[in-house]
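Reading through the structure tokens given below for one structure.
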Amino acid sequence: MEFDVVIVGAGPAGLAAAIRLRQQAEQAGQDLSVCVLEKGSEVGAHILSGAVFAPRALDELLPDWRERGAPLNTAVSEDQFLLLTQGRALRLPTPPQMHNQGNYIISLGNLCRWLAEQAEALGVEVLPGFPAAEVLHDEQGAVKGVATADMGRNPDGSEGPRFEPGVELHARQTLFCEGCHGSLTKTLIDRFRLREGVGPQTYGLGIKEVWEVDPTRHRPGQVIHSVGWPLDTHTYGGGFLYHLEDNRVAVGFIVGLDYENPYLSPFEEMQRFKTHPAIRPVFEGGKRIAYGARALVEGGLQGLPKLSFPGGLLVGDTAGFLDVPRIKGSDNAMKSGITAAESVFNLLTSSAAEGIEASDFRRRLDNTWVIQELHRARNIRPGFRWGFWAGLAHAAVDTYVFRGRAPWTLRHQADHERLRPARDCQPIDYPRPDGNITFDRLSSVFLSNTHHEEGQPVHLKLRDLQRPALLNLPVYEGPEARYCPAGVYEYVETGDANALRLQINAQNCVHCKTCDIKDPGQNIDWVVPQGGDGPNYPGM
Amino acid sequence: MKVLVPVKRVVDYTVRVRPRSDGSDVDIANLKMSMNPFDEIAMEEAVRLREAGVATEVVAVSIGPAASQDTLRTALAFGADRALLLETEESLAPVVISRALAAVVGEESPDLVLMGKQAIDDDCNQTAQMLAARLGWGQGTFACRLEMGDGEVIVTREVDGGTRIVALKLPAVVSTDLRLNEPRYIKLPNIMKAKKKPLDRRPLDSLGVDTRSGIRMVSVAEPPARKPGVRVADVGELLDKLKNEAQVI
Ligand SMILES: Cc1cc2nc3c(=O)[nH]c(=O)nc-3n(C[C@H](O)[C@H](O)[C@H](O)COP(=O)(O)OP(=O)(O)OC[C@H]3O[C@@H](n4cnc5c(N)ncnc54)[C@H](O)[C@@H]3O)c2cc1C
Ligand SMILES: Cc1cc2nc3c(=O)[nH]c(=O)nc-3n(C[C@H](O)[C@H](O)[C@H](O)COP(=O)(O)OP(=O)(O)OC[C@H]3O[C@@H](n4cnc5c(N)ncnc54)[C@H](O)[C@@H]3O)c2cc1C
Ligand code: SF4
Chain X
1 MEFDVVIVGA GPAGLAAAIR LRQQAEQAGQ DLSVCVLEKG SEVGAHILSG AVFAPRALDE
61 LLPDWRERGA PLNTAVSEDQ FLLLTQGRAL RLPTPPQMHN QGNYIISLGN LCRWLAEQAE
121 ALGVEVLPGF PAAEVLHDEQ GAVKGVATAD MGRNPDGSEG PRFEPGVELH ARQTLFCEGC
181 HGSLTKTLID RFRLREGVGP QTYGLGIKEV WEVDPTRHRP GQVIHSVGWP LDTHTYGGGF
241 LYHLEDNRVA VGFIVGLDYE NPYLSPFEEM QRFKTHPAIR PVFEGGKRIA YGARALVEGG
301 LQGLPKLSFP GGLLVGDTAG FLDVPRIKGS DNAMKSGITA AESVFNLLTS SAAEGIEASD
361 FRRRLDNTWV IQELHRARNI RPGFRWGFWA GLAHAAVDTY VFRGRAPWTL RHQADHERLR
421 PARDCQPIDY PRPDGNITFD RLSSVFLSNT HHEEGQPVHL KLRDLQRPAL LNLPVYEGPE
481 ARYCPAGVYE YVETGDANAL RLQINAQNCV HCKTCDIKDP GQNIDWVVPQ GGDGPNYPGM
Chain G
541 MKVLVPVKRV VDYTVRVRPR SDGSDVDIAN LKMSMNPFDE IAMEEAVRLR EAGVATEVVA
601 VSIGPAASQD TLRTALAFGA DRALLLETEE SLAPVVISRA LAAVVGEESP DLVLMGKQAI
661 DDDCNQTAQM LAARLGWGQG TFACRLEMGD GEVIVTREVD GGTRIVALKL PAVVSTDLRL
721 NEPRYIKLPN IMKAKKKPLD RRPLDSLGVD TRSGIRMVSV AEPPARKPGV RVADVGELLD
781 KLKNEAQVI
């Protein structure tokens, strides 16, 4: 099938780009066919965010969003920034970047569902349940579209009785909007050497739950961020607590994936966070109703790869526009989608050539708040490499004294290189779940509604099948069993007395991408499973 | 031969549901909704009959809210020729649905009604039987095999302890069981084509059927939670707990 533009991923970036493309086409009285592929069973099914949402990009894209009924229902009314120690909470002044006046506490998944309706009304083909599995190239090597995933293959890859091959979608321009650490983006970065001369991307893992709380503990509009406990001072991260409408509270915990101790378990840190005396009361008498996890980009300006290549662009968090000190990515993702659409529309209407490069995309972005703010914030996150206190002090100096204009730029190291051998680290003894406030992994995954049809090839590909037993287990004590928030990786006994074997429970996967990022031997490739498989988040 | 396939929009089978906090109903806000899996099986069978040249027209019908259009689009992407939505915001019991379907049958005059044996939301397993009774047609429920004969349909039914084969004179009502077929994966081009197929929308009122069911939902509650397990140090402690705490041995 032929389109003018194919967009991979129906997140805020992809949907904003689709809407802006059709708006421009309508304005110019031109026809421009746009389709959006989404791997989730429906739009929003795989979206997980905080989320405190800054509406500035939405204001620009659809200024009448209020009249159209966009699901921005809870304005932020109060900001708190807490430093937690074991048993105590100290209220710090809220840093200027973290002020949320004029922002809303939302479900980003629900916003995406609404954006998809707006896009469809403008004539965009939105196609959930169809993952893009492969990038297609023309003879010159330029991107000419993508192919969707095959359906109905057997575990060994052979064709099953209901086999349905993927479909090739050809496009004059393909926008990759896969969100943090996209699987096709990974192949494009290799093929077009998009990281040449730039540092590595770095990441965090965010784990989130939604609770229905006792109405007497509900403070709609309240936003709390925390740093400190339960993490040690070598590990970057923190918690959030956002009070939505209808007695709902979103609680989450983010751990920088540059953590060093292979015994660390982000899942258990999240559970522990909820037990802090300043946090726990919110959940007493409440009920957990949703669970999920997703990696997020933390590399900022230094982690941005080249954004354009012949035939396509990287847009949104798959490139990496999240602003770490502000903990905001969705407004930047949307703004990058709008800018990409303008760049591509201009290119397609001024030239009929195939496989050309919208190389002005980066230049256009440089003139927006997206890049300008990332520039100002560029040194804050890398400063935490020196530990929590030095990082915090540096962040304060960088923010209040230099105001982001320090005459240097700090560099990153790749997350998978930061893990230290287990023998140099302290095992961590996490408390057992109590079944009220804290839970185990499997009962949590249950609430993500994740599902992968049985009898398909495993979508977590090991490059070298021996590596887990030769490297991950003996040197790092099998860290994947701890960092995977869904219990996908499990070391199980074999017949042999003291040998353990890595078992991959792929059906539990919630598509967070952490294993592809953190595996110390870079031995895991996350690829898309069959269409529609994965979590079914009810408005995360 | 014309086949009518009633399809229901239900909470997707992968999604966990829970009661609303006031216990008035199941909370379905923002949940993923899909075509009832047994209706997919009925759709698949109807489309196979169409492809085999036995059926000449397949019509999908749904009774439900405006969003049931999505479910009907899926039916059209499967291969239905056209679709009919009878809109209502009320959640209706099988006794009412069967009344409405009987009225649709009156308008459409199908030779065969192929439908799911039950919907996975209320699991009633009543609509097909009630419809057949209202129409005075033969019924073949729990079908795991279906063969078209001359003016009749031969249905292999799943019954306790085996299968039972019945021959029904057409027109007839058949309800599908899990083993009848495995529905196909829908092709992407067919989803795009489905957007252009005819989908007729009318208020349910236009059928003039009585929507009272005589049934009132009192409350919805979760089953009691299982107590968390405890870890015991050794067999002795386990025996002790079984004997003295649980008092089961
Ligand atoms: C825990 C957490 C908290 C956050 N809190 C906030 C916050 O409070 N405020 C804020 O502004 N931002 C926040 N963010 C960041 C924000 O969520 C992201 O910046 C934003 O979602 C990025 O948008 P995107 O469109 O680039 O990608 P995504 O939102 O990730 O969307 C990508 C979409 O593409 C689909 N996709 C991926 N690959 C394929 C493929 N190959 N084929 C088909 N479909 C594909 C995915 O299923 C997904 O639907 C948070 C992130 C996390 C993880
Ligand atoms: C829409 C639909 C309708 C259906 N209707 C019917 C019907 O009417 N009649 C019928 O006979 N069948 C029906 N089935 C099929 C039936 O539900 C399944 O075939 C059956 O549940 C499969 O059972 P299982 O034990 O193999 O697996 P599961 O259902 O996956 O597992 C059963 C239990 O095992 C536990 N479990 C799984 N893995 C582990 C593990 N590693 N460790 C510990 N515990 C574990 C699970 O927690 C669960 O409690 C239906 C299926 C669907 C999708
Ligand atoms: S298998 Fe990988 S992508 Fe899937 S949930 Fe686990 S860490 Fe995340």
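Chains X and G, in that order, are what the protein sequence lines are. Letter by letter, the first sequence follows residues 1 to 540 in our numbering. Letter by letter, the second sequence follows residues 541 to 789 in our numbering. Virtual Cβ for every residue (Gly too), placed ideally from N, Cα, C.
Residues are counted here when their Cβ sits less than 9 Å from a Cβ of chain X; for the stretch 572 to 584 of chain G these are Lys572, Met573, Ser574, given in chain order. Below the 7 Å Cβ cutoff, chain X contributes Asn110, Pro538, Gly539 as neighbours of Asn570 of chain G, in chain order. Contact check for Val76 of chain X and Asn100 of chain X: beta-carbon distance about 4 Å, within the 8 Å limit, so the pair qualifies. Set against 8 Å, the gap from the CB of Ile524 of chain X to the closest heavy atom of ligand 3 is smaller.
For a Cβ distance threshold of 7 Å, residue set Leu127, Phe130, Thr148, Val167 of chain X lies close to Leu728 of chain G, ordered along the chain.
Within the same chain, and ignoring the five residues on either side of His234 of chain X in sequence, the residues whose Cβ sits closer than 7 Å to its Cβ are Glu260, Gly387.
Excluding the 5 residues flanking it on each side, Val713 of chain G has same chain C-beta neighbours closer than 6 Å at Val653, Ala668, Leu671, Ala672, Trp677, Gln679, in chain order. Where Met583 of chain G is concerned, the enclosing alpha helix (DSSP H) starts and stops at 577 to 591.
In this structure Leu747 of chain G touches Leu626 of chain G by the C-beta definition: roughly 7 Å separates them, less than 8 Å. Fewer than three beta-carbon pairs drawn from the stretch 208 to 217 of chain X and the stretch 356 to 376 of chain X are found closer than 8 Å, and the two stretches are therefore not classed as touching.
A Cβ-Cβ contact shorter than 9 Å links Ala600 of chain G with Pro546 of chain G. When Cβ-Cβ separations below 9 Å define contact, Ser602 of chain G makes no contact with chain X. Assignment of Met98 of chain X by DSSP, reduced to helix, strand and coil, places it in the helix class. In the three-state reduction of the DSSP assignment, Arg153 of chain X falls in the strand class. From the beta-carbon of Ser41 of chain X, the residues of chain G found nearer than 9 Å are Asp552, Thr554, Lys572, Ser574.
By the beta-carbon neighbour count (other beta carbons within 10 angstroms, threshold 16), Phe130 of chain X is buried. Between Pro200 of chain X and Gly316 of chain X, the CB-CB gap reaches or exceeds 9 Å. Between Gln23 of chain X and Arg68 of chain X, the gap from beta carbon to beta carbon reaches 9 Å or more.
Of all alpha-carbon atoms in X:Ala28, X:Thr275, X:Trp65, X:Glu245, the one lying nearest the alpha-carbon of Ile106 of chain X is that of X:Glu245. Ala595 of chain G and Val693 of chain G have their C-alpha atoms spaced approximately 12 Å apart. Around the beta carbon of Trp408 of chain X, fewer than 16 other beta carbons sit within 10 angstroms, so the residue counts as exposed. Contact of Pro559 of chain G with chain X by beta-carbon distance below 8 Å is absent, the smallest such distance being about 10 Å. Per DSSP, the continuous beta strand (DSSP E) segment holding Phe682 of chain G begins and ends at 678 to 688.
Pro63 of chain X and Ile47 of chain X have their C-alpha atoms roughly 23 Å apart. A Cβ of chain G is located within less than 9 Å of the beta carbon of Ile289 of chain X.
Listed along the chain, the chain G residues whose CB falls inside 8 Å of the CB of Arg153 of chain X amount to none; the nearest CB is some 11 Å away. Positions of the alpha helix (DSSP H) runs, each at least 4 residues long and wholly inside the stretch 384 to 430 of chain X, are given as 388 to 396 in order along the chain.
Counting C-beta atoms within 10 angstroms of its own C-beta, Val43 of chain X has 16 or more neighbours from the protein chains shown and is therefore classed as buried. Per the DSSP secondary-structure output, Gly252 of chain X pairs in a beta bridge with X:Lys208, X:Phe240.
Annotation: Cβ neighbours of Leu447 of chain X in chain G (cutoff 7 Å, chain order): Arg556. Of the heavy atoms belonging to ligand 1, none sits nearer than 8 Å to the Cβ of Lys274 of chain X. Contact of Arg685 of chain G with chain X is not assigned, every C-beta pair being separated by 9 Å or more. When Cβ-Cβ separations below 9 Å define contact, Pro768 of chain G makes contact with chain X. A distance of 9 Å or more separates the beta carbons of Val760 of chain G and Arg588 of chain G. By DSSP's assignment, Ile603 of chain G forms a beta bridge with G:Leu626. For Val401 of chain X and Leu264 of chain X, the gap between their C-alpha atoms comes out near 34 Å.
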